[in-house]
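Only one structure is covered here, and it is reproduced in the block below.
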Amino acid sequence: MEWLSAAIDYGVIGLLLIMSMIALSIAVERHLIYRRINLIEYADKKSLELELTKKLHIIATIGSNAPYIGLLGTVLGIMLTFYTMGNEGFMDTGKIMSGLALALKATAVGLIVAIPSVALYNFLLRKVKVLIMRWEIENGRERI
């Protein structure tokens, strides 16, 4: 069952770190696009909205699923601890605590990824709404 410990440490936590990098890179890319976008180039609101909301769903997906992936690591860590306790019978409390710490580490990383992802998503969505409102103001009316 030693492979399960490596799967939690490198697999689950590694996946969460990759998800974090993806969310952050998309957020930076979207923010840079929002700063440079020229609203005059868009003839209708729908094409502007399509351009502005591109890739935002990825950040939202990462933010909503990261806690579940962290929870998966927690469940696997607790399973590993119980399995080790069952096989060895009497166990040193240090081994039990290290297994539980591994499980809690996965939960913590999942939350560390999810909270900024959701905050970035909300920040970018607000910028999208502001840009769409500016387009509507500049065009004098809402064209559908």
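First residue of the sequence shown: 1, per the working numbering; consecutive thereafter.
We put the beta carbon where it would ideally sit given N, CA and C, even for glycine.
Given the structure is predicted, the values throughout are model-derived calculations rather than measurements.
Alpha-carbon spacing of residue i relative to residue j, whole angstroms
i    : j    : result
A103 : V113 : 16 Å
G99  : I33  : 44 Å
S64  : I58  : 10 Å
M79  : S117 : 29 Å
I37  : I132 : 11 Å
M85  : F123 : 46 Å
I137 : L39  : 11 Å
S20  : Y42  : 32 Å
R35  : E88  : 60 Å
Residue i, buried or exposed, once every other Cβ within 10 Å from all chains shown has been counted against 16
i    : result
G70  : buried
M97  : exposed
V130 : exposed
T81  : buried
Y121 : buried
I13  : buried
Y83  : exposed
A101 : exposed
Under 8 Å between C-beta atoms of residue i and residue j
i    : j    : result
P67  : L24  : no
W135 : K46  : no
V109 : L16  : yes
G73  : I8   : yes
N52  : V128 : Contrary to the premise, residue 52 reads as Leu rather than Asn in this sequence. Against a cut-off of 8 Å, the Cβ pair of V128 and L52 comes out as a contact.
L56  : R30  : yes
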